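Novice: In my numbering, the protein residues as written are 3 to 915.
(1) Just the Cα atoms here: how many angstroms apart are residue 74 and residue 236?
(2) Give me whichever residues DSSP pairs with residue 118 in a beta bridge.
(3) Leaving out five residues on either side along the sequence, give the residues of the same chain with a beta carbon under 7 angstroms from the beta carbon of residue 727.
(4) Starting from the C-beta of residue 542, find all residues in its chain whose C-beta is less than 6 angstroms away, skip the five residues before and the five after it, and write them out in chain order.
(5) Please report the straight-line C-alpha distance between residue 838 and residue 517, rounded to a whole angstrom.
(6) Counting only the same chain and skipping the five closest in sequence on each side, list residues whose C-beta sits under 6 angstroms from that of residue 172.
(7) For residue 772, which of 765, 816, 680 and 715 has the nearest alpha-carbon?
(8) Suppose the cutoff is 6 angstroms on Cβ atoms and the five residues either side in sequence are ignored; what does the same chain contact list for residue 591 look like?
(9) Between residue 469 and residue 512, how many whole angstroms is the CB-CB distance? I'm expecting something under 8 angstroms.
(10) Pull up the CB-CB distance for residue 133 and residue 273, whole angstroms please, since I reckon it's below 8 angstroms.
(11) When the Cα of residue 1 is compared with those of 706, 705 and 698, which residue comes out closest?
(12) Are at least three pairs of beta-carbons, each pair with one atom in the segment 735 to 748 and one in the segment 850 to 861, less than 8 angstroms apart?
(13) With C-beta atoms as the reference, is residue 162 less than 8 angstroms away from residue 98?
(14) Please classify residue 584 as buried or exposed, where buried requires at least 16 other C-beta atoms within 10 Å of its C-beta.
(15) Assign residue 904 to one of three DSSP states: helix, strand, or coil.
(16) Going straight from the alpha carbon of residue 35 to that of residue 287, what length do you get?
(17) Could you pull the start and end residues of the alpha helix (DSSP H) that residue 878 belongs to?
(18) Run through DSSP, which three-state label would residue 587 get?
(19) For residue 89, count the other beta carbons within 10 Å of its own beta carbon; 16 or more makes it buried, fewer makes it exposed. Which is it?
(20) Keeping to the same chain, check which residues put their C-beta closer than 6 angstroms to that of residue 293; ignore five residues upstream and five downstream.
(21) In the DSSP assignment, the beta strand (DSSP E) including residue 103 goes from what residue to what residue?
(22) Please classify residue 66 as buried or exposed, where buried requires at least 16 neighbouring CB atoms within 10 angstroms.
(23) Which residue's Cα is closest to the Cα of residue 903: 257, 869 and 890?
(24) Please state whether DSSP places residue 192 in a helix, a strand or coil.
(25) Candidates 691, 148 and 311: which alpha carbon is nearest residue 178's?
(26) Quick one: Cα of residue 886 to Cα of residue 898, how far?
(27) Taking residue 723 as the reference, which of 615, 559, 860 and 424 has the closest Cα?
(28) Confirm, please, whether the CB-CB distance from residue 269 to residue 223 is below 8 angstroms.
(29) Excluding sequence positions up to five away, which residues of its chain have a Cβ less than 6 angstroms from the Cβ of residue 674?
(30) Residue range of the alpha helix (DSSP H) that residue 730 falls in?
(31) Could you pull out every residue in the same chain whose Cβ sits closer than 6 angstroms to the Cβ of residue 297, ignoring the five residues on either side in sequence?
(32) The beta strand (DSSP E) spanning residue 722 covers which residue range?
(33) State whether the segment 47 to 63 contacts the segment 78 to 89, with contact taken as three or more CB pairs (one from each stretch) at a distance under 8 angstroms.
(34) Closest to residue 275 by CA distance: which of 491, 300 and 257 is it?
(35) Curious, which full-length alpha helix (DSSP H) runs of at least 4 residues does the segment 128 to 167 contain?
(36) Give the single residue among 263, 889, 534 and 828 whose Cα lies nearest to the Cα of residue 312.
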C-alpha cells in the first residue's frame, strides 16, 4: 500500500513538473523598450506604427510610447519617469537640444539610449540612427540651384532655431546656395515646424513690404503648405512660386501625393524606418554587434519619381497588412494549441488524481477501521478518567467545606474572648486598639468563610432562592446606611436615588441574596473610591424589571478586563485585596434571579455596576415568606482595611521634628502597605523605638523616601499602583536612597519571588504571618549592621575595603563626594548647599545619606577633609601655619589651630617640633 501511494505521489509531481515546464517553455526575458517622441504628427505616427509592426517579430518586447506635444518640460518628465520605471532601453527623439540632461541621467544609470531623428549636444548615448539632415539640406540646395531659372530668389523657412534638424538642414542648404550665383536667398525665417506656425510667419511677412521671391524652401512639407496658404490669402500667383519641403510622407495630403499632383515643386523623403530602429534596439539588448552611428538612406522626390514612389508605398502597406493578419492567425493558432495542451494536461492530472483518490479511499477504509478501534479504547479511558476526576472533585469540595467549617470554631473562640475583653472598661489605649483590630479582622474572616461556603453551594448547584415580597427601594436605603460610617471616615459621599420607583412598587426576590449582592458591590466601590469621592446608588423599575446601578468615582477598569470581572477567582490588575470570589457570587445570585449583571468603566473616571432582575419570581409562597431580620450581614464586617487612607506626610509625621538629625536616638522607619490595619499594626510595633512615616503604595513610598530619606523601609510586596519589588528596584537605583535597607513582607513563600526581590536589592524577607518580635529584631540587626565608612580621605587599605562592601550606586556616590570636596578644599565659601547642588541632592538628602554612610554630618566631613590635608602639608612642607590654614579653606588661623588640636590632639606647631 505504501509503495502504491509513493508511486502516485511521484506521478502527480512529475505531471505538475511537466505542466510547469510546458508553460514556461519558449518563454524569454521580457524587454521593456520606451519611446519618447517630441511631438505628434503624421511622420511620427508612421514611425510609431512601424515600431509596433516590427514588434510582431518578437514575443518578448513590451513597447511603451509617449509623446510630449512639442513641450520640452513634459518630455523631460516622461524620460525621468521611464528611468524611474527601470526600462531596459530608451529610444528618444529630442524636441530640442536642452533635453540633454534627462537623456544623460538615463545613460548614467546604465540604461541603453538610442537617439533617433534629432541629435543633442551631449555625447552620452548608446547609438544614433536617423537621416543626415545636413546632406538633405545640401541635396535640396543643389536641386533648386539647377532646377530653378537663373536669378531665382528663395525664401528659406527654417524650423525651430534650437532643434538640430533645422540647424543642420540650414547649414547644408546654405553651403550650396551661397556658392551658386544663379539663385539667391532673399529671406530667412523660422517657424515651429507646424503648418499654422508657417502660415503666421509668411502672413506676417506679406503684410509688410517684402523682397520679391520665386521659391519658398520650407524645412518640412507642413510648413511649405502653410506658406502656400499665406500666399493664397494675399492674392499671389502661386503658379509662379515654387513651394518645396522635406518629409515626403505617402499619406493623403502629405508631401509625396502633393508633389505628384504638382502642389509642391519638390520634397525629400525623410525616412522613418521603424523596423531598423527596433532591430538596432534588439541588437543592443541581446548583446549583438551594432554600430554607434547609423545613417538612414533617403531620396529626392520630384514630379518625375513621385508616382513610382507612391506605388511602392501602396505595395508596402499592403504587405504590412498581410503580415499583421498572418501574425494574428499565428497568435490565434498558438493560443489554441496552448489551450488544448493545457486541457490535455488537466485531463492527465485528473486521471492521475482519480487513480490516487481510489487508492487513497481503499487505504482510508482500513485506516478508519484502526482509528475506530483506537477511538473506542480512548473513549473508555476518558470515561474512567472522568469518573476519577468527578470523585476527586467531590473529595476536594468535601475537604474544602470541612476546612471552612473547622475555621469557624477557632474564629468563634477568638471573637468571643475578644468581645468580653472589650466590654471591660479598664482596657484602654493601645491594648483596646489592638483588641478592636483583632475583633474587626475576625469578623472579616468569618464573612470570608461564609462566602467560601456560599460559593461551594453555588458550585454544587445546592443554592436555592428563599423568596420574599418586599419594597426593594426601602430596603436599599437601609442597606446603604450600613456603609455611611465607613464612608464618613473617608469623606466619601454616599447617595441613594430611588425616585424613579413608585413608593408602592414591590418585588418578589430573595432578600438576603439581594442584600449580599449590594454588600459586595458597595464594598468593592469603597475600596477604589478616593477621599472626597462619591458612590451613587440608583434604582429604576420599568417593563417588569428592576435596574440597580452602583457607580463610584474611583480609578476605573480597563476595557479589556471588564468581560472577566465576574469570573471565578479573577482579580483585575491593580486589585486591592480580595479573593476573586465576591463578584462571581454576585453573578451567580443574579443568574438565580434570571437577571444579568455587567460593569461599565472608563479608566480615571470610575466604574458602574449594573444589575437587572425581574420584579417577580416563579414559585413564591406567601406562607413561607419571613419578615426581614435585623440584618443579614453584620455592618461591622465591612472590610475597610484596603480603603485608601490619608497618608499625607504632613499628618503622618507630626511627631518628627524639622531638624535634620533624628537618627541617633529614634531612627526614621518608612512603612509601606496598602492595608490600613497592617500599617496600624506595624506602627504600633515600631513607634516605641523608632520614628515612623507611612505610605499606601510603592509610588507614594518613593515620594516619602525622597523627602525624608528614612533609615529603613518595611514594605509589602503585593500592592496596587507600584508593588514592593518595583519599589525596591527604583529605591536602589536612586543616589539619594540607594543606601536604605529594605525589609519585604509577603504572604507568599515562593522562592522565585524571594530571588527576584533579592536581585532588586532587598535586604531581608518576612513571610506573613510573622512575629512582631522577629520584625523588631530584624530591623534592629539591619540598622546596627550597616556598613560605616571610617574615612573617605585616608587613602588607606581600610578605606578601600570599606568601600568594597558598599553597593555599586553608593560606591559611585562616595567617589563623587570625595572628588568634589577635594576640588573645593581651598574655597572658604564652599558650603553644604553648594556641595548638595554639585552632587544633585537637597540639603536634607545629602545630610541623611552622608550620615548613614559615614556616621558624620557633611559639615564634619568637610572640616575633617580640610584638616587631613592640612596635616599632610604641616608634615611635608615648610609653609607657615597661617598660610596652610588659608589654603585649606579656614578664614581664621586661631580657629584652625583649635580645630586641628581637637581632631589630632596636638597643635600644628607642636606637630612640627
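All residues carry an ideal CB built from backbone N, CA and C; glycine is no exception. Quantities reported herein were computed from a predicted structural model and do not represent experimental measurements.
Specialist: To lay it out plainly:
(1) 34 angstroms
(2) 131
(3) 719, 758, 759 and 762
(4) 502 and 549
(5) 60 angstroms
(6) 160
(7) 680
(8) 515 and 519
(9) 6 angstroms
(10) 6 angstroms
(11) Residue 1 cannot be examined here, being either before or after the span of the chain that is shown, 3 to 915.
(12) yes
(13) yes
(14) buried
(15) helix
(16) 10 angstroms
(17) 860 to 878
(18) helix
(19) buried
(20) none
(21) Residue 103 -> not in any beta strand (DSSP E); alpha helix (DSSP H) instead, spanning 102 to 110.
(22) exposed
(23) 869
(24) strand
(25) 148
(26) 9 angstroms
(27) 559
(28) yes
(29) 697, 703 and 717
(30) 726 to 735
(31) 134
(32) Looking at the DSSP string, residue 722 is not in any beta strand (DSSP E), and its letter there is neither H nor E.
(33) no
(34) 300
(35) 135 to 149
(36) 263
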